[in-house]
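In terms of this note's numbering, the sequence shown opens at residue 5 and continues consecutively.
Glycine residues also receive a C-beta, built at the ideal position from the N, C-alpha and C atoms.
Everything on this sheet refers to the single structure shown next.
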Amino acid sequence: MFLIVGAGFLGTYLIRQLSAQFRGPILATVRDTASVVPFPKTEYVAFDVTDETDVRRLAKRCGGGKLTVFYFAALHNVDYLYTHREEGENVNLTALARFLDAVPGIEKFFFASTDCVYGENAPGSQKFKETDECKPINVYGAQKLEAEKIVRAHGFTAVRFSYMMGPSLTKKRHFYDTLEAKLKAGEPVEMLDGMVRSALSYKTAALLLAELSALPAGVLPDTVNLCSDGAFTKYDLGLKIAADCGVSPALVKKIPESAGEAFFKDRRASRAVMDNARLKALLGLSHIGFEEVTRC
Ligand SMILES: NC(=O)c1ccc[n+]([C@@H]2O[C@H](COP(=O)([O-])OP(=O)(O)OC[C@H]3O[C@@H](n4cnc5c(N)ncnc54)[C@H](OP(=O)(O)O)[C@@H]3O)[C@@H](O)[C@H]2O)c1
């Protein structure tokens, strides 16, 4: 059985992918069952990972059969974590450790980590590889790095995602949807000319993760970067949304990266671009684009 813990934006794309690609049943946890959309073979359960009773109930529900778990539950708002560090530790570390100790039968476990664990690419440096030293520059990156250690101690896999975006498949709005609505209304949107990331769409991320989950447990590495070949600024991503909506790119206004300092509380890397060679070798891919992949 597939178990998706924290089926939000990425989780719902993954449910769509898994339900189309595989036969196995999918159990997905959400905090608010009113926000879900139905998919074949998928059952949703209300679940808060910080609630020990919920964890015990979920462990019982899974019944000890072989599980492939995708663990997305997290507090991940960079600025919220800066001001709510302890709450973050409770959700992102304590609850994760308790979950791993409590749920039996886990054969494969994919933890959603982030490029933020690496910190910042020095000017002119290579893309971040899984073997590089990690030097996070914000609370979010530091907590994900600690969480990775818990995951590795249990023998499982930390998947380091780059920035992902796309239209929400749930009833909750993503930032993408907000920008799309503005652009479609003919309103300009301002996007930072910086914060370069090897971003990819939720759809592509879900496809890659589903393929990773089909590999035998024995070949799964303890860490893998999951990202595109590209390097996109926020402004580049704004242009992509404008193209998706069929509106003029002139509606996307470039603002300097330094403007972010006016509204960010914690630090953001100016550049955090990852190397995806390990992922490509595992999946037999020659190219990973924002929206598409090419097989060898
Ligand atoms: N989006 C990105 O660009 C990106 C990049 C790198 C890594 N990631 C990681 O990828 C994962 C999925 O992100 P996403 O983009 O799909 O965002 P998301 O929809 O916000 O996913 C996070 C999920 O965690 C759930 N959650 C939060 N606290 C919980 C708790 N106490 N108990 C149970 N569930 C809880 C949220 O539920 P509610 O909806 O009820 O809050 C949500 O479903 C996250 O771990 C994130 O750190 C995302």
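For E47, the uninterrupted beta strand (DSSP E) segment begins and ends at T46 to A50. Between F76 and L14, the CB-CB gap stays under 8 angstroms. Cα atoms of D58 and V107: separation of roughly 11 angstroms, rounded to the nearest angstrom.
By the neighbour-count definition (other C-beta atoms within 10 Å, threshold 16), S252 is an exposed residue.
Counting along the chain, the unbroken alpha helix (DSSP H) around R60 starts and ends at E56 to C66. Y144 carries a helical assignment under DSSP once its states are collapsed to helix, strand and coil. In the structure shown, V228 adopts extended strand secondary structure according to DSSP, grouped into three states. The bridge partners DSSP lists for R275 are V200.
Uninterrupted beta strand (DSSP E) stretches at least 3 residues long and entirely within the region 105-183 occur at 110-118 and 161-165, given in chain order.
Looking at L211, T237 and M168, the one whose alpha-carbon comes closest to that of L204 is M168. Ranked by how close their Cα comes to the Cα of D55, the residues D197, T87 and A99 have A99 in first place.
In terms of side-chain proximity, the C-beta atom of L187 is found no nearer than 7 angstroms to any non-hydrogen atom of ligand 1. Taking a C-beta distance under 8 angstroms as the contact criterion, V155 and F103 do not qualify as a contact pair. Beta-bridge partners assigned by DSSP to R299: L289. Rounded to the nearest angstrom, the gap between the Cα atoms of V143 and T118 is 12 angstroms. The beta carbon of G123 is closer than 8 angstroms to those of C138, K139, P140, I141, G145, A273 and A276 in its chain, skipping five residues each way along the sequence. Rounded to whole angstroms, L85 and D197 show a C-alpha spacing of 24 angstroms.
Put simply, the backbone Cα of R89 is about 21 angstroms away from that of R164. Between L216 and L287, the CB-CB gap stays under 8 angstroms. Note on geometry: alpha-carbon atoms of K257 and A32 lie some 39 angstroms from one another. As computed with DSSP, Y75 is found in a beta bridge with V9 and F115. Short note on D136: C-beta not closer than 7 angstroms to any heavy atom of ligand 1.
Rounded to whole angstroms, A218 and V34 show a C-alpha spacing of 24 angstroms.
Distance from the CA of E134 to the CA of V223, rounded to the nearest whole angstrom, comes to 16 angstroms.
Per DSSP, reduced to three states, the secondary structure at F268 is coil, with no helix or strand assignment. Shortest gap from the CB of H158 to any heavy atom of ligand 1: 7 angstroms or more. Secondary-structure assignment with DSSP links P253 through no beta bridge to anything. At least one heavy atom of ligand 1 falls within 7 angstroms of the beta-carbon of G15.
Listed in chain order, the non-local C-beta contacts of G242 below 8 angstroms within the same chain comprise L183, V193, M195 and V256, local neighbours out to five positions each way being set aside.
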